[in-house]
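What follows is one structure encoded as structure tokens, with my remarks underneath.
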Amino acid sequence: MPSLILQNGLAQATGFLLAKGKNIQATDKDAETETAVDNPSTRPNEHYALLDDLREILHAVRVINSNVTERDDLHKQIIDADMATTMRLTRHSLAACGWIKRYVQGILRIDSTGAVNDANDAKEDDHAD
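The numbering of the sequence shown is my numbering, which starts it at 7 and goes up by one.
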């Protein structure tokens, strides 16, 4: 996502996420968490999930208005923003996406290439004996 923002701009990047995003049928595991707002039997795909996370982070650091509650609202605010606000939104979005990427890599134990990193698991297994 950071490269998409840098190459195309924040408005186009969020537009891409909106275009690719959709709600998908939730599995039994997803139904327990009820991630979808409208319908508990669906959940957002990875594009909508990233857009939702980005909106929540930008709201938490008070870069966007508190009335931005929908995905489309975030995109509209980015499009309607003046140059200084657009630059601030872009800077915070790039930082947020960087931290989201690190978090996901840590949780999924993958490196920057996407390869699974089981080295820590092997070390933990050796110490368990």
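The beta carbon of each residue, even a glycine, is placed where N, CA and C say it ideally should be. Note that the coordinates shown come from a computational prediction; the quantities given were computed from them, not determined experimentally.
- The closest CA to that of asparagine 51, considering only Tyr109, Asn123 and Lys26, is found on Lys26.
- Valine 69 carries a coil assignment under DSSP once its states are collapsed to helix, strand and coil.
- Judged by DSSP secondary structure, isoleucine 30 falls within the beta strand (DSSP E) whose first and last residues are 29 to 31.
- Beta-bridge partners of arginine 49 (DSSP): Ile30.
- Taking 8 Å as the cut-off, the Cβ atoms of isoleucine 116 and valine 122 count as close.
- In this structure, the beta-carbon distance from leucine 57 to leucine 12 does not fall below 8 Å.
- With a threshold of 16 other beta carbon atoms within 10 Å, glutamine 31 falls short and is exposed.
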